[in-house]
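Comments concern the structure below.
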Amino acid sequence: MAMAWLPREDQAARFAAEQPSTDARPAAFLDRDGVLNVDRGFTHRPDDLEFTPTAIEAVRMLNRAGYLVFVVSNQSGVARGYFGTEDVEAFHRTMAARLAEQGARIDAFFYCPYHPDGTVARFATEHEDRKPSPGMILQAMRDWPVLPARSVMIGDKASDVEAADRAGIHGIRIEANVCDLAAVVAGFLRQQPPC
Ligand SMILES: [Mg+2]
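Residue numbers for the sequence shown follow our numbering, so the first one is 27 and each next one is one higher.
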């Protein structure tokens, strides 16, 4: 099961309570390291959070277009003992706060702390959530009213695109750290009918 920094059920329930209708919406599944923030290798300290050049604008654009926005992130540093789940969750809280300051919102964060080569026994296993497996995307689609046919996963690795394929959604691979994410999102949205 993917882990979120707030119980996903709470986030989904809050979302449902805030929405005037339960109509399904398209979703953008965003990889984290290299896509939203500069990947420094097992990035986990809030002080190391540096957004990629147009990440905040990209998230805001997706919010305005009516997309649900999810982070789906492999965090094998937990299994490897480099940092704990509380560090991942603190990083996500910081990311959410920094985005909120600029009018951008991630609806939910999903991350996978597992890795088969881990040193922390609890997390040292292969797991259906670990990309290229599609577990986190499928979990989000169970918890939230997602329209898969108009959804997209954007990542910087082949495993991100494979996870998208296996979840049955469109996948886009971008260059890590330096990509103009807002331009990629704008290009994708131009090809979509309005919500
Ligand atoms: Mg990445």
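Even glycine gets a Cβ: it sits at the ideal position worked out from N, Cα and C.
Determine whether the beta carbon atoms of residue i and residue j lie at a separation below 8 Å.
i, j, result
"Arg228", "Leu125", "The structure shown does not extend to residue 228, since the chain is modelled only from 27 through 221, so no value can be given for it."
"Val172", "His196", "no"
"Thr69", "Asp59", "yes"
"Pro222", "Asp206", "Because residue 222 is not part of the residues shown, which for the chain are 27 to 221, the question remains open."
"Phe136", "Gln165", "yes"
"Val187", "Gly194", "no"
"Ala184", "Ser159", "no"
"Phe117", "Leu62", "no"
Spatial neighbours of residue i within its chain, please: CB distance less than 8 Å, with the 5 preceding and 5 following residues excluded, ordered by chain position.
i, result
"Val87", "Note that residue 87 is Met in the sequence shown, not Val. Excluding positions up to five away in sequence, the list reads Ala208, Val211, Ala212 and Leu215."
"Arg51", "Gly92, Tyr93, Leu94, Pro171, Val172, Leu173 and Cys221"
"Leu146", "Here residue 146 is Val; the residue named in the question, Leu, does not match the sequence. So the qualifying residues of the chain are Val104, Ala105, Arg106 and Gly107."
"Ala38", "Ala134, Asp169 and Trp170"
Excluding sequence positions up to five away, which residues of its chain have a Cβ less than 6 Å from the Cβ of residue i?
i, result
"Met27", "At Met27 the pLDDT is 47, less than 50, meaning the model places this residue with poor confidence and gives no usable figure here."
"Glu154", "Gly161"
"Glu201", "none"
"Val97", "Leu56, Arg58, Ile132 and Phe135"
"Phe109", "His70 and Gly103"
Got a sec? Which residues, its chain only, sit under 7 Å from residue i by beta carbon, not counting five neighbours each side?
i, result
"Met167", "Pro174"
"Phe82", "Sequence check: residue 82 is Ile here, not Phe. Once the five neighbours on either side are set aside, the close Cβ partners of Ile82 are Leu125, Gln128 and Ala130."
"Glu65", "At residue 65 the sequence reads Asp, which differs from the Glu that was named. Closer than 7 Å at the Cβ level, and outside the excluded window around Asp65, lie Asp59, Ala202 and Asn203."
"Arg100", "The sequence given here places Asn at residue 100; Arg does not occur at that position. Cβ within range, chain order: Cys138, Arg156 and Lys157."
"Arg176", "Pro52 and Gln218"
* Asked: Taking one C-beta from the stretch 103-110 and one from the stretch 143-155 each time, how about it: are there three or more such pairs within less than 8 Å?
  -> yes
* Asked: What residue ranges within the stretch 128-195 form continuous alpha helix (DSSP H) runs of no fewer than 4 residues, ordered along the chain?
  -> The stretch 128-195 contains these whole alpha helix (DSSP H) runs: 161-169 and 184-193.
* Residues with a Cβ closer than 7 Å to any heavy atom of ligand 1, in chain order? -> That query returns the following residues: Asp57, Arg58, Asp59, Gly60, Val61, Asp65, Gly181, Asp182, Lys183, Asp186 and Ala202.
* **alpha helix (DSSP H) segments (min. 4 residues) lying fully within the stretch 79-122** => Positions of the alpha helix (DSSP H) runs, each at least 4 residues long and wholly inside the stretch 79-122, are given as 81-90 in order along the chain.
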